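Protein chains in written order, with our numbering: chain A, 1 to 87; chain B, 88 to 174; chain C, 175 to 261; chain D, 262 to 348.
A virtual CB, placed ideally from N, CA and C, is assigned to each residue, including glycine.
On a predicted model such as this, the values are computed, not experimentally measured, just so you know.
Number of protein chains: 4
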Amino acid sequence: MDADAAAAALTQAARDKLKQTVMSIEKLEEEKAEVGDHIKAVYAEAKAMGYDTKALRNVIKLRKMDRREREEADAILDTYLLALGEI
Amino acid sequence: MDADAAAAALTQAARDKLKQTVMSIEKLEEEKAEVGDHIKAVYAEAKAMGYDTKALRNVIKLRKMDRREREEADAILDTYLLALGEI
Amino acid sequence: MDADAAAAALTQAARDKLKQTVMSIEKLEEEKAEVGDHIKAVYAEAKAMGYDTKALRNVIKLRKMDRREREEADAILDTYLLALGEI
Amino acid sequence: MDADAAAAALTQAARDKLKQTVMSIEKLEEEKAEVGDHIKAVYAEAKAMGYDTKALRNVIKLRKMDRREREEADAILDTYLLALGEI
DNA sequence: ACCTCGCTGTCAATGC
DNA sequence: GCATTGACAGCGAGGT
Chain A
1 MDADAAAAAL
11 TQAARDKLKQ
21 TVMSIEKLEE
31 EKAEVGDHIK
41 AVYAEAKAMG
51 YDTKALRNVI
61 KLRKMDRRER
71 EEADAILDTY
81 LLALGEI
Chain B
88 MDADAAAAAL
98 TQAARDKLKQ
108 TVMSIEKLEE
118 EKAEVGDHIK
128 AVYAEAKAMG
138 YDTKALRNVI
148 KLRKMDRRER
158 EEADAILDTY
168 LLALGEI
Chain C
175 MDADAAAAAL
185 TQAARDKLKQ
195 TVMSIEKLEE
205 EKAEVGDHIK
215 AVYAEAKAMG
225 YDTKALRNVI
235 KLRKMDRRER
245 EEADAILDTY
255 LLALGEI
Chain D
262 MDADAAAAAL
272 TQAARDKLKQ
282 TVMSIEKLEE
292 EKAEVGDHIK
302 AVYAEAKAMG
312 YDTKALRNVI
322 KLRKMDRRER
332 EEADAILDTY
342 LLALGEI
């Protein structure tokens, strides 16, 4: 029987922990999917109001890229300041 | 000036609504990323405890497929029951 | 027997064509892998000569992005010219 | 000026070699992309002929795995034979 | 030997 | 309904 095999391979504690881990991942993935659905709903609402969702997605993407570039620039700046003993 | 162009193209209300939409999408995407990070952390913890994360991911995937199949089966059943006037 | 099942499901011609398709995809994937290996070899050689491969990869990526942007700009230009009846 | 900085950092020969390297990587990546396009075309053709491309991709994948397993088995066999002085 | 990161291949969502 | 495009997960290579 498979349950026996499992019993042989893992201690009770290990199996419990495994079960907990699986449960918590599944719960988190569900949350993630819900947030994703929520995002879709916002786009759908915007579309219903007459906005061009493609352009909207572009705006989001560009702002994300800008943010990323700023962060990279900051990181470089920090590196320089650190190198100069300014931090 | 670009701001003038924008002012010409959209009403103040439309621009405010657009701004709100962008903000709310960005907020949701941030949440989503956080949940994703959380998931990674759980996998990392499991790995640190000696679990094989690849196997773990497989477990999650299989359970998700099972769930999906059950849901599909339920949907088909509902369709049949509906067709038979049983619901 | 499985071969019988296959025989029942597909005509001889269809099976031959399928076999040809699989063979040609496999051949192409092999080619692709070889080119990939070749690329790796070039990076390895560059590294052996003292170049920073990470920086090198960045150069390649940036040039690709530039190329893409140029192409997009050209496409937009073409659109405009076309709209103006200049082409 | 940037060109001066580059001139200061690298010898003419080093810059030429770098240029060659970049060119050859870009050429290879282009080839790779072409082969990739070719593969897509074959799948598209198969689809147009009525084949289920998802199933087709599965076939390719399974055959690749089989090949890999065979190669691994062969490698192990070689190791044993070598160890036994049979090669 | 591990870990991080880039790449590829897959899947779903959108527009035509 | 299909074809294109974008997001995501999985894999492999490279660095530490």
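Do you know whose CA, among L56(A), I76(A), Y80(A), L81(A), lies nearest M110(B)'s CA?
Here the question's residue 110(B) lines up with position 23 in the second sequence. Checking every option, the nearest Cα to that of M110(B) belongs to L56(A).
Is the beta carbon of T98(B) less than 9 Å from the beta carbon of A46(A)?
If you number the second sequence from 1, residue 98(B) lands on position 11. If you number the first sequence from 1, residue 46(A) lands on position 46. No; because the gap between Cβ atoms is not below 9 Å, this pair is not in contact.
Given that E290(D) touches chain C, what residues does it touch there, using C-beta distances under 7 Å?
On the fourth sequence, residue 290(D) is found 29 positions in, with the first residue counted as 1. Within 7 Å Cβ-Cβ: I213.
Just to check my reading of the structure: V122(B) and K32(A) have Cβ atoms closer than 8 Å, yes? What is that Cβ distance to the nearest angstrom?
Position 35 of the second sequence, counted from the first residue, corresponds to residue 122(B). Position 32 of the first sequence, counted from the first residue, corresponds to residue 32(A). Contact flag correct, Cβ pair sits at about 4 Å.
Looking at the structure shown, is T53(A) part of a helix, part of a strand, or coil, going by DSSP?
For the purposes of this step, residue 53(A) is taken as the residue at position 53 of the first sequence. Here T53(A) sits in helix by DSSP.
Measure the C-alpha to C-alpha separation of Y138(B) and A128(B) and round it to an integer number of angstroms.
For the purposes of this step, residue 138(B) is taken as the residue at position 51 of the second sequence. For the purposes of this step, residue 128(B) is taken as the residue at position 41 of the second sequence. Roughly 14 Å between the two C-alpha positions.
Using a Cβ-Cβ cut-off of 7 Å (strictly less than) and excluding sequence neighbours within five positions of A309(D), which residues of its own chain qualify?
Taking the first residue of the fourth sequence as 1, we reach residue 309(D) at position 48. No residues qualify anywhere along the chain.
Contacts of K293(D) in chain C (Cβ-Cβ under 8 Å):
Counting from 1 along the fourth sequence, the entry for residue 293(D) is found at position 32. Correct list: K206, V209, G210, I213.
Starting from the beta carbon of M223(C), find every residue of chain D whose beta carbon is closer than 8 Å, and list them in chain order.
For the purposes of this step, residue 223(C) is taken as the residue at position 49 of the third sequence. Proximity of chain D to M223(C) at the Cβ level (cut-off 8 Å) is accounted for by K278, in chain order.
Along the chain, where does the alpha helix (DSSP H) containing L345(D) start, and where does it finish?
If you number the fourth sequence from 1, residue 345(D) lands on position 84. It is not in any alpha helix (DSSP H) - L345(D) carries neither H nor E in the DSSP assignment.
Looking at I126(B): is its Cβ nearer than 9 Å to the Cβ of I25(A)?
Start at 1 with the first residue of the second sequence, and residue 126(B) comes out as number 39. Start at 1 with the first residue of the first sequence, and residue 25(A) comes out as number 25. With respect to I25(A), I126(B) sits close: the two C-beta atoms are nearer than 9 Å.
Please tell me whether, using a cut-off of 8 Å, the distance from the CB of Q107(B) to the nearest non-hydrogen atom of the ligand FMN is below it.
No copy of the ligand FMN appears in this structure; indeed no ligand is present at all.
Among A170(B), L171(B), E117(B), which one has its Cα closest to the Cα of R63(A)?
In the first sequence, the residue the question calls residue 63(A) occupies position 63. The shortest Cα separation from R63(A) among A170(B), L171(B), E117(B) belongs to E117(B).
Per DSSP, what kind of secondary structure is T11(A) in: helix, strand or coil?
For the purposes of this step, residue 11(A) is taken as residue 11 along the first sequence, with counting starting at 1. DSSP places T11(A) outside both helix and strand once states are collapsed to three, so it counts as coil.
Ordered along the chain, which non-local residues of its own chain (more than five positions away) have a Cβ less than 7 Å from that of R329(D)?
Taking the first residue of the fourth sequence as 1, we reach residue 329(D) at position 68. Result list for R329(D): empty, nothing under 7 Å.
Within the 9 Å Cβ cut-off, does K151(B) reach chain A?
The residue given as residue 151(B) occupies position 64 in the second sequence. Closer than 9 Å to some Cβ of chain A, the Cβ of K151(B) qualifies, so yes.
Which residues of chain C have a Cβ atom closer than 9 Å to the Cβ of T282(D), listed in chain order?
As a working note, residue 282(D) is residue 21 in the fourth sequence. Chain C residues near T282(D): V216, Y217, E219, A220, M223, Y225, L230.
is_contact[I76(A), chain B] using C-beta, thresh 9 Å
Within the first sequence, numbered from 1, the residue matching residue 76(A) stands at position 76. Not one chain B Cβ lies under 9 Å of I76(A).
Counting only the same chain and skipping the five closest in sequence on each side, list residues whose C-beta sits under 6 Å from that of Y217(C).
In the third sequence, the residue the question calls residue 217(C) occupies position 43. Around Y217(C), the same chain offers T227 as residues with beta carbons nearer than 6 Å, after the five sequence neighbours per side are excluded.
Neighbour flag for E200(C) against chain D, beta carbons, 9 Å
In the third sequence, residue 200(C) corresponds to position 26, counting from 1. Chain D, which has a Cβ nearer than 9 Å to the Cβ of E200(C), makes this yes.
Of the choices D211(C), M239(C), K201(C), whose alpha-carbon is the least far from that of L289(D)?
Here residue 289(D) is taken as the residue at index 28 of the fourth sequence, counted from 1. Comparing Cα positions, the closest option is D211(C).
I think I348(D) touches D335(D), with their Cβ atoms under 8 Å apart; what is that distance to the nearest whole Å?
Residue 348(D) sits at position 87 when you count from the first residue of the fourth sequence. Residue 335(D) sits at position 74 when you count from the first residue of the fourth sequence. Taking C-beta atoms under 8 Å as the contact rule, I348(D) and D335(D) fail to qualify, at a distance of about 12 Å.
For L255(C) and D66(A), I'd like the C-alpha separation in whole angstroms.
Taking the first residue of the third sequence as position 1, residue 255(C) is located at position 81. Taking the first residue of the first sequence as position 1, residue 66(A) is located at position 66. Our two residues, L255(C) and D66(A), have alpha carbons roughly 31 Å apart in a direct line.
Taking C-beta pairs closer than 8 Å, name the residues in chain C that I321(D) reaches, listed in chain order.
Against the fourth sequence, residue 321(D) aligns to sequence position 60. When 8 Å is used as the limit between beta carbons, I321(D) is near these residues of chain C: V196, I199, E200, E203, in chain order.
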